[in-house]
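Notes for the one structure printed next.
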Amino acid sequence: MKLIIGSDHGGFALKEVVKQHLTSLGHEVFDQGTHDGTVSVDYPDYGAAVARAVVAGEYDFGIVICGTGIGISLAANKIHGARAALCTDPYMARMAREHNDANILAMGGRVVGPGLALSIVEAFLNGEFAGGRHTRRVNKLMALETF
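In the numbering used here, the protein residues as written are 1196 to 1342.
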């Protein structure tokens, strides 16, 4: 799978753990940055960059991480076509894929620990969009972008 991952300084440490795990599983992972967890950076820059790349079709999925996951998910969702889901457990991640056809996973580096984060990532990447009635709902979500 071809993935892109990005974080601000608050999500840097967790991003490194997730990136290493995904690479060890054979996924191709592009690190959008930040590349230094000691320098304060702005989460909108990284959330938007990841979302743009996913929406452009350059990557299968994106993962974005900031301190809480809130700001970076908001930033990613400002990009037309992005469906970033902030998940704090594997069930949410699976449902984000199955029901919402989420294309970006958001997490909080100060909210979930490394072990839980890896379970969340695996649930997200192993999830498949269920289609059916959910297609109608996702289409309605996407139509909101034209308002």
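Built from N, CA and C at the ideal position, the CB exists for glycine as well.
Since the structure is predicted, the reported quantities are computational estimates derived from the model, not experimental observations.
Taking the C-beta atoms as reference points, residue 1271 is found nearer than 7 Å to residue 1277. The residues 1204, in chain order, have a CB closer than 7 Å to that of residue 1234 in the same chain once the five nearest residues on each side in sequence are set aside. For residue 1241, the closest alpha carbon among the candidates 1206, 1311, 1307, 1221 is that of 1206. Cβ neighbours of residue 1292 within its own chain (closer than 7 Å, five residues either side excluded): 1319, 1322, 1323, 1324. Within the same chain, and ignoring the five residues on either side of residue 1229 in sequence, the residues whose Cβ sits closer than 7 Å to its Cβ are 1202, 1203, 1204, 1207, 1236, 1241. Counting along the chain, residue 1224 sits inside no alpha helix (DSSP H); it lies in the beta strand (DSSP E) bounded by residues 1223-1228. Following the DSSP letters along the chain, one finds residue 1202 inside the beta strand (DSSP E) bounded by residues 1197-1202. In this structure, the straight-line span from the alpha carbon of residue 1335 to that of residue 1268 is close to 19 Å.
In terms of Cα proximity to residue 1273, the closest of 1219, 1261, 1245, 1263 is 1245. When DSSP assignments are scanned along the segment 1278-1303, the uninterrupted stretches of beta strand (DSSP E) that are 3 or more residues long and fall wholly within it turn out to be 1279-1281, 1299-1303.
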